[in-house]
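Participant: Take the sequence shown: its letter number 585 is residue 611 in the working numbering, and every next letter is one higher. Backbone N, C-alpha and C define an ideal beta-carbon position, used for all residues, glycine too.
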Amino acid sequence: MGSRRFFSLRSKVLLFAVAVAVIPLVIVSGFSTFESTKLIQSQVAQLKLESARAVSSHLDMMMNDVNTISLNLIQNRDVSAYLSSKDPAARQKQLSRILSICNEQAFNKPYLFSIYLQDLAEKGIDTRGALNAIPPDRLLRAKERKGGDSWYPDSVYVQNKEIKVITMIRDIRDINDVGRSLGVLKINIPQSSILELYRSSMPGESPFYLLDGSRIVLTSEEFHPDGGSSPPPLPPGGLGSASEGQYVAELDGESYLAVYDRMSRPDWHIVELTPLRQIAEPAAVIRRFAYASMLASLAVCLAFILIFGSKVLKPLKKIRELMRHVERENFGGQMEVKGSDEIALLSHGFNRMSRKLDELINEVHVSRMKQKDAELKALEEQINPHFLYNTLDMIYWMCRMERAFETSLMINSLSQLFRIGLNSGSRFTTVEKEVEHIRHYMAIQQKRHDGGIRFLEEIDPSVLSCKVTKIVLQPLVENAVRHGIEPGGGEGRIRLRIYRQGADLLYEVADDGAGADEQEILSRLEACESGKGNGKEGGLGLTNIRDRIRLNYGTGYGIDFRSIPGKGTVVTVRQPCTEGEAVHVQGHAG
């Protein structure tokens, strides 16, 4: 108790008041912030999805227009004649007609940048005079689709200026022989047109992506214009087949709310990212209000503690001072009882306790005097043990004189067995004396069984001075001999281990004899404890040891029993390992 840090009642009341005032505010504000953030996030996601649907609808119309234009051109006979002509002069005459046809198709389509036609010799014309280069893999894919459209991000050049575009490419087939390819058609849509369409529907600076079915970025606008066109972070399972949805994504170390909408074109998606920090900004107002409320609550708590201290804590301080006088056995101080509240009851109880302690101390003094008288009487009763020792000592020397040396050794072991066991009437002894006691006992048993019992010791030298309950090992070893070794023919092995485990001392007596029914022995122990036992010595001996240990050290200590019929038995005793005088200890082990 003296080493524990003092924590005043004033501090406890202050802590309790602060907890009562602040903790609910923290919980409510945290819950409110969480719910408001979730609600705002849901509303923002819904708004973004509606805008994405609008952009998706416009893009669908744009792509349908491009698809119609491309179909008109690849089915136009003049275009087919131009691409299939081998005469350069004839093609030159047709050039203006072909450009006129292309411009007519692109009329009133401001989102189109240019239309490009290329023959099998990879010679082409562009309505804007732009320089086009078709990657071989894209050209091969267009051929494989046999007139079907294919889209990919591309760049064209006008006067050495790069224009980022989204390109639709189609293989042009002979109208009269669809198996014959005449060239390719390429329609370029500037990415800026799509971004302008997006910004008109979704104002702000959120990253935007248009993805094709292979999740290739057709166009994008990120926070960093020079950041390239890397794909946005996608959920673990991908976008799936849902028409729209939302998820949380990580990009450049920041969290975003991502919303996506699927276009009518096969597996094209619009993806927009909104920083979660922007969404959470309105919830900061709630947090600031909660902080202000907590500060106000703390001020109220401090005022309450000042009032509480003067009315309640002052009498308690007086009781604490008088308690210190009581610790010094000064019982003259008394509390003044005022009022009829709990403090008055406590004061009255303290006064009564002080008087009672004074009376009990006087009674203890009288009982100690009586104990001294009892000890004097006990000394007189030790005359008989001395008579026994002297008689055994005389027999020992008579055997020596008659050269009966083995008999003299047996008499000496018996004498030492009694001398150590009685231990001058004390309940306690040391581990060293317990071991010496059991060695004398085993010397007699080994002689009885003609050396058929092997006795092995494994003892930690550091525990020899520990104070323990006396005559614990001898009954355990006797049980091992009588119920383990003797039923098996009188031959076997008994192993004794004594070791330290934490603050506890453990005896372990193991034999390789006949063993016993573990459940039956445990049932006997329980029956003896409840007073329903039949007195069989197997359970009674173990119960006696357990009861004496618990009497000396508390219910946390005792005995453990494990046995397998035909293989042997292990009995473990646990008691505290204490130096000096043995004391009553409430243990933690069972």
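Mind checking whether M77 and S218 have CB atoms under 7 Å apart?
Facilitator: For the purposes of this step, residue 77 is taken as residue 51 along the sequence shown, with counting starting at 1. For the purposes of this step, residue 218 is taken as residue 192 along the sequence shown, with counting starting at 1. One detail in the question is off: residue 77 reads as Ser in this sequence, not Met. Cβ atoms of S77 and S218: not closer than 7 Å.
Participant: By DSSP, does S176 sit in helix, in strand, or in coil?
Facilitator: Counted from its first residue, the sequence shown places residue 176 at position 150. Correct three-state label for S176: strand.
Participant: Counting beta carbon pairs with one atom in the region 319–337 and one in the region 112–124, are three or more of them shorter than 8 Å?
Facilitator: With the cut-off at 8 Å, the region 112–124 and the region 319–337 do not touch.
Participant: If you follow the beta strand (DSSP E) that R288 is part of, which residue opens it and which one closes it?
Facilitator: Looking up residue 288 in the sequence shown gives position 262. Per DSSP, R288 belongs to the beta strand (DSSP E) from E280 to R288.
Participant: Restricting to runs no shorter than 3 residues, where is the beta strand (DSSP E) found entirely within the region 134–215?
Facilitator: You should have 140–145, 150–152, 176–184 and 187–199.
Participant: For the alpha helix (DSSP H) containing Q120, name the first residue and the last one.
Facilitator: Locating residue 120 in the sequence shown gives position 94, where the first residue counts as 1. Segment P114 to A132, the alpha helix (DSSP H) holding Q120.
Participant: Can you name, in chain order, every residue of its own chain whose Cβ lies under 6 Å from the Cβ of Y235, other than the five neighbours on each side?
Facilitator: Here residue 235 is taken as the residue at index 209 of the sequence shown, counted from 1. Counting only Cβ-Cβ distances below 6 Å, and skipping sequence neighbours, we find V243, S246, P258 and V297.
Participant: Taking only runs of the alpha helix (DSSP H) that begin and end inside the region 450–534, which ones reach a length of at least 4 residues, in chain order?
Facilitator: DSSP runs (the alpha helix (DSSP H)) wholly in the region 450–534: 457–474 and 499–505.
Participant: If you draw a straight line from the C-alpha of R426 to the C-alpha of H475, how long is it?
Facilitator: As a working note, residue 426 is residue 400 in the sequence shown. As a working note, residue 475 is residue 449 in the sequence shown. Cα to Cα, R426 sits roughly 23 Å from H475.
Participant: Would you give the residue range spanned by the alpha helix (DSSP H) that I585 belongs to?
Facilitator: Locating residue 585 in the sequence shown gives position 559, where the first residue counts as 1. Careful: I585 lies outside any alpha helix (DSSP H), inside the beta strand (DSSP E) at G584 to I590.
Participant: Is the region 45–56 touching the region 94–105 in the sense that three or more CB pairs, one from each, lie closer than 8 Å?
Facilitator: Cβ pair count under 8 Å is below three, so no.
Participant: Classify V274 as helix, strand or coil using the three-state DSSP reduction.
Facilitator: As a working note, residue 274 is residue 248 in the sequence shown. The answer is strand: DSSP assigns V274 an E or B state.
Participant: Please name the residue, chosen from L502, D238 and D203, that lies closest to T598 on a Cα-to-Cα basis.
Facilitator: In the sequence shown, residue 598 corresponds to position 572, counting from 1. Taking only the C-alpha atoms, the option nearest T598 is L502.
Participant: Can you tell me which of F376, D175 and V274 puts its alpha carbon nearest to the alpha carbon of L342?
Facilitator: As a first step, residue 342 is located in the sequence shown; it is residue number 316 there, counting from the start. It is F376 whose Cα lies nearest to the Cα of L342.
Participant: Does the beta-carbon distance from T153 to N134 come in below 7 Å?
Facilitator: Along the sequence shown, one-based indexing puts residue 153 at 127. Along the sequence shown, one-based indexing puts residue 134 at 108. Not a contact, by the Cβ cut-off of 7 Å.
Participant: Going by DSSP, which residues form a beta bridge with P301?
Facilitator: Counting from one through the sequence shown, the residue named residue 301 turns up at place 275. Answer by DSSP bridge pairing, in chain order: Y282.
Participant: Whole angstroms is fine: what's the gap from Y467's alpha carbon to L348's?
Facilitator: The residue labelled residue 467 in the question sits at position 441 within the sequence shown. The residue labelled residue 348 in the question sits at position 322 within the sequence shown. Going from the Cα of Y467 to the Cα of L348 covers about 58 Å.
Participant: Is N158 buried or exposed, if buried means 16 or more other CB atoms sit within 10 Å of its CB?
Facilitator: Residue mapping note: residue 158 aligns to position 132 of the sequence shown, counting from 1. So N158 counts as buried.
Participant: Nearest by alpha-carbon distance to V498: which of I66, R574 and Q144 is it?
Facilitator: Mapped onto the sequence shown, residue 498 falls at position 472. Among I66, R574 and Q144, the Cα nearest to that of V498 is on R574.
Participant: Should K398 be labelled buried (16 or more other beta-carbon atoms within 10 Å of its own) or exposed?
Facilitator: Within the sequence shown, the letter at position 372 stands for residue 398. Note on K398: pLDDT 47, under 50, position unreliable in the model; no value is reported.
Participant: Note down, in chain order, each residue of its chain lying with its Cβ closer than 6 Å to the Cβ of R288, except the 5 sequence neighbours on either side.
Facilitator: Along the sequence shown, read from residue 1 onward, the residue named residue 288 stands at position 262. Hits under 6 Å: S269 and H295.
Participant: For I141, is the classification buried or exposed, using 16 other Cβ atoms within 10 angstroms of its Cβ as the cut-off for buried?
Facilitator: Working through the sequence shown from its first residue, we reach residue 141 at position 115. Buried is the call here.
Participant: Among N186, R206, K74 and A370, which residue has its Cα nearest to the Cα of K172?
Facilitator: For the purposes of this step, residue 172 is identified with residue 146 of the sequence shown, where counting begins at 1. Taking only the C-alpha atoms, the option nearest K172 is R206.
Participant: Quick check on the burial criterion: 16 or more other C-beta atoms within 10 angstroms. Buried or exposed for A542?
Facilitator: Reading the sequence shown from its first residue, position 516 is the one you call residue 542. Buried, since its Cβ has 16 or more Cβ neighbours within 10 Å.
Participant: Quick check: the Cα distance between V494 and I585, rounded to an integer number of angstroms?
Facilitator: As a working note, residue 494 is residue 468 in the sequence shown. As a working note, residue 585 is residue 559 in the sequence shown. Going by the C-alpha atoms only, they are around 14 Å apart.
Participant: How would you call Q144, buried or exposed, if buried means at least 16 neighbouring beta carbons within 10 angstroms?
Facilitator: Translated into the one-based positions of the sequence shown, residue 144 becomes position 118. Buried.
Participant: Under the assumption that G510 contacts D537 (Cβ atoms under 8 Å), give the Cβ distance between them as a whole number of angstroms.
Facilitator: Locating residue 510 in the sequence shown gives position 484, counting from the first residue. Locating residue 537 in the sequence shown gives position 511, counting from the first residue. Contact flag correct, Cβ pair sits at about 4 Å.
Participant: Do the region 77–89 and the region 178–186 touch if we need at least three Cβ pairs shorter than 8 Å?
Facilitator: Too few Cβ pairs lie closer than 8 Å, so no.
Participant: Buried or exposed: where does G423 fall if 16 or more other Cβ atoms within 10 Å of its Cβ makes it buried?
Facilitator: Your numbering for residue 423 matches position 397 in the sequence shown. The question names Gly, but residue 423 is Trp in the sequence shown. Its Cβ having fewer than 16 others within 10 Å, W423 is exposed.
Participant: Starting from the C-beta of I127, find all residues in its chain whose C-beta is less than 8 Å away, skip the five residues before and the five after it, and write them out in chain order.
Facilitator: Numbered from 1 along the sequence shown, position 101 holds the residue referred to as residue 127. Once the five neighbours on either side are set aside, the close Cβ partners of I127 are L99, N102, D104 and V105.
Participant: Along the beta strand (DSSP E) that carries L236, what are the first and last residues, could you check?
Facilitator: If you number the sequence shown from 1, residue 236 lands on position 210. Unbroken beta strand (DSSP E) run through L236: F234 to L237.
Participant: Tell me, to the nearest whole angstrom, how far the beta carbon of T59 is from that of I312; I am working on the premise that it is less than 8 Å.
Facilitator: On the sequence shown, position 33 is the one that residue 59 refers to. On the sequence shown, position 286 is the one that residue 312 refers to. The Cβ separation is near 5 Å, so the contact holds.
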